[in-house]
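So the structure is just underneath, and the comments pick up after that.
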Amino acid sequence: MIRAGRWLGAALLVALLSGCSSFGLVYNRLDTLVHLEVGRYIDLAPAQRADFDLRFAELWRWHRKTQLKLYADDLREVAEIAALPVAAGEVEALTARVRTHVVQLANQTFDGFASGVAALNDAQVDDLLAELAARNAKERKKALKLDDDQWRAKRAKESIERLDDWAGSVTPEQRQRIREWAAGLERKLPPADASALQPLRELLAGRGEPGFRDRLARLFIDPELAPEDQAELEAERAARSAMLADLSALATDAQRRHLQKRLLEIARELDGLAARPV
Numbered sequence: 072m073i074r075a076g077r078w079l080g081a082a083l084l085v086a087l088l089s090g091c092s093s094f095g096l097v098y099n100r101l102d103t104l105v106h107l108e109v110g111r112y113i114d115l116a117p118a119q120r121a122d123f124d125l126r127f128a129e130l131w132r133w134h135r136k137t138q139l140k141l142y143a144d145d146l147r148e149v150a151e152i153a154a155l156p157v158a159a160g161e162v163e164a165l166t167a168r169v170r171t172h173v174v175q176l177a178n179q180t181f182d183g184f185a186s187g188v189a190a191l192n193d194a195q196v197d198d199l200l201a202e203l204a205a206r207n208a209k210e211r212k213k214a215l216k217l218d219d220d221q222w223r224a225k226r227a228k229e230s231i232e233r234l235d236d237w238a239g240s241v242t243p244e245q246r247q248r249i250r251e252w253a254a255g256l257e258r259k260l261p262p263a264d265a266s267a268l269q270p271l272r273e274l275l276a277g278r279g280e281p282g283f284r285d286r287l288a289r290l291f292i293d294p295e296l297a298p299e300d301q302a303e304l305e306a307e308r309a310a311r312s313a314m315l316a317d318l319s320a321l322a323t324d325a326q327r328r329h330l331q332k333r334l335l336e337i338a339r340e341l342d343g344l345a346a347r348p349v
């Protein structure tokens, strides 16, 4: 249930980050995909499943009716901006707008699902935490197969491939700029124990207490960070914005046209999805 809202946002992110040409196919199958994802963490009783279905349907209708048009408008604006080099400040402003959409979706999700999360029994909470711990351990084991330099090279390769998909042939100068950005990344491995889950464990222990919805939202939307962690996060965002601005400055006319075409295609598809009856 906690992850339900992430799937709505993930559908758009898949389209934007991977260049998925079948966004509508993914979006229209979200109910099935969400059930599969939630089922990996929690075994819902029939009454809980019915409540989940109802709340997800309401969230999905709200998202289709009110949010997709906003996303399409943003993509058209980005397409217009992309005709010329984009400054780092403009990248940061666009990123902040995306975060605003994500926060709005998350808040709507918590409004609908917090009561369902609060109604989980102890066995379901234990299963959820155990599965999350197992997933973290699996991710750590996978991550440890690469040393830091290999990890940075992998990040650079993935970013180059993504740029190639979105903008066409990547120039040598752009490849080098991406590698420079990746070389400055600080790697964070998943923890070796379940300590990262302790805030969630404590939160779920008090799921029957007043104010649970707001505490749940704070944990996932705006978690409290230590000053040094906040500074590190802001530095990472600034470095990413600077890199994207440099890539924009290095873009060829053909790349700009290719990017604009892709953005406008997705915007039209979002408009079509938004126009469907809800």
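Quick note: the sequence shown uses our numbering, first residue 72, plus one each step.
Heads up, the beta-carbon is just placed ideally off N, CA and C, and yes, glycines get one too.
Judged by DSSP secondary structure, Asn192 falls outside any alpha helix (DSSP H); it is assigned neither H nor E.
Between the region 310–330 and the region 146–162, the count of C-beta pairs closer than 8 Å reaches three or more; the two stretches touch. The continuous stretches of alpha helix (DSSP H) do not include Pro156, and DSSP gives it neither H nor E. Within its own chain, the residues whose Cβ lies closer than 8 Å to the Cβ of Gly95, once the five positions on either side in sequence are excluded, are Glu340, Gly343 and Leu344, listed in chain order. Below 8 Å, enough C-beta pairs join the region 200–208 and the region 258–269 to call them touching: three or more.
In its chain, beyond the 5 residues on either side, Tyr112, Ile113 and Asp114 have a beta carbon closer than 8 Å to the beta carbon of Asp198.
If one requires a minimum length of 4 residues, the alpha helix (DSSP H) runs lying completely within the region 256–317 are 269–276 and 283–292, in chain order. Annotation for Arg328: the continuous alpha helix (DSSP H) segment containing it runs Asp324 to Ala346.
Between Gln331 and Ala150, the C-beta gap is smaller than 7 Å, which places the two residues in contact.
In this chain, Asp218 is not harboured by any alpha helix (DSSP H), its DSSP state being neither H nor E.
When rounded, the separation of the alpha-carbon atoms in Gly282 and Leu256 is 38 Å.
If you check the CB distance, Arg226 and Ala253 come in under 7 Å. Per the C-alpha coordinates, the member of Arg132, Asp300 and Leu165 positioned closest to Glu148 is Leu165. By the CB criterion at 7 Å, Val349 and Arg135 fall inside the cutoff.
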